[in-house]
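This report refers to the structure that appears directly beneath it.
In this note's numbering, the protein residues as written are 43 to 413.
As structure tokens, this is what we get:
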């Protein structure tokens with residue numbers, strides 16, 4: 043870990059996070075690009091994710107000896123070089139032929155976990171074999187309790203460190219970029235048993251918690267009420283997420299949800315969050331609001347499409363540099379020192395929010411990607 047992050051220079055082909063975006067766009071078809079950057083219907087929830095982050099300003103403290111900054115943490119017993127994970131993303135093989143195995147290798151090389159989607163290749167066991175580092179398996183429920191039990195058994199046997207169930211997909215959303223392009227994703231047409239997801243309830247969560255010892259994460263919590271119920275059911279991690287704006291349209295930004303969830307959880311579970319996390323300052327804001335970890339989705343997919351596992355590792359290196367510089371300039375030597383006193387809520391917006399608004403330099407070059 044560098045002693046003075048603001049003095050450490052990065053080396054390599056990629057120097058800025060936004061540089062992965064045009065590189066990814068050049069390698070992806072228009073349909074796959076639309077799937078990656080798009081959201082549901084009017085894409086309002088996606089934009090509110092970014093707006094919620096931008097409405098928080100930092101309140102820096104000075105003269106606090108930040109010659110040594112440590113951005114590492116532990117989460118469910120896993121050691122993380124950065125409080126960041128790779129979010130579960132379906133069909134990663136659309137961005138790189140190796141899919142989750144390639145992305146997971148990049149995460150392991152850097153030192154953070156991947157959350158492996160149940161609808162991405164090469165599959166539960168094959169990905170586990172390829173990824174030596176910490177890993178979590180994410181499930182869309184496509185069968186009865188016995189079917190879920192079997193998947194959990196396989197995940198435990200394969201060495202996954204935790205189990206994540208996505209709970210905000212009771213109905214398929216209308217992603218109009220795909221619909222307007224008449225792009226029917228093959229993994230969606232192959233899906234069966236969606237009625238099991240639609241009928242999945244707190245009774246099923248209780249049964250899971252009573253039967254299985256592996257740590258349980260519920261992904262898709264968006265209210266204080268549901269966060270409290272999750273804690274009452276013994277859930278280990280409340281994962282605040284609106285699916286990157288890809289499920290319910292006109293929802294709230296994830297960072298707007300986080301404060302009420304933190305108050306409802308009140309230390310009874312760990313909390314993580316995703317939703318347009320694009321910069322190191324975004325990570326610092328989420329941790330200061332109380333989150334234990336954050337997940338990036340689209341961001342690492344750009345790097346995966348651009349340069350495979352090497353790209354994912356490189357993206358995390360740049361993100362780490364941004365986090366550590368932000369911590370040093372804010373006056374925090376460790377993640378534990380970050381709290382709400384470092385934040386000013388309700389800052390005026392500067393940039394209209396959209397999927398790439400965190401990267402203004404994208405719009406100053408001829409090769410800028412089109413949304």
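Glycine included, each C-beta is placed from N, C-alpha and C at the ideal position. If you're wondering where the values come from, they're calculated on a predicted model, not measured in any experiment.
Remark: C-beta atoms of residue 313 and residue 282 approach each other more closely than 8 Å. Within the same chain, 251 come within 7 Å of residue 276 by CB-CB distance, once the 5 residues on both sides are set aside. Inside the region 252 to 306, DSSP marks whole alpha helix (DSSP H) runs of 4 or more residues at positions 266 to 274, from first to last along the chain. With respect to the 8 Å criterion, residue 129 and residue 337 are classified as neighbours on the basis of their beta carbons. By the Cβ neighbour-count rule, residue 342 is buried, with 16 or more other Cβ atoms within 10 Å of its own. For the pair residue 156 and residue 165, the CB atoms are not nearer than the 8 Å cut-off. Residue 154 is positioned such that its CB atom lies closer than 8 Å to that of residue 126. Boundaries of the alpha helix (DSSP H) harbouring residue 74: 72 to 79, taken from the DSSP string. Residue pairing by DSSP places residue 376 opposite 112 in a beta bridge. Three or more Cβ pairs closer than 8 Å define a contact, and the region 344 to 352 meets that threshold against the region 49 to 69. If you look at residue 150, you'll find it in the alpha helix (DSSP H) that goes 141 to 152. Per the Cβ contact rule, the region 285 to 305 is in contact with the region 81 to 88 (3 or more Cβ pairs under 8 Å). Contact between the region 255 to 272 and the region 60 to 74 is absent, with fewer than three C-beta pairs closer than 8 Å.
According to the DSSP assignment, residue 401 belongs to no beta strand (DSSP E), since it is labelled neither H nor E. Taking residue 111 as the centre and dropping the five residues before and after it, the same chain places the C-beta of 47, 366, 369, 370, 375 closer than 7 Å to its C-beta, in chain order. Our two residues, residue 309 and residue 353, have alpha carbons roughly 36 Å apart in a direct line. For the 8 Å CB-CB criterion, residue 402 and residue 96 do not form a contact. A distance of 8 Å or more separates the beta carbons of residue 149 and residue 386.
The beta carbon of residue 249 is closer than 7 Å to those of 187 in its chain, skipping five residues each way along the sequence.
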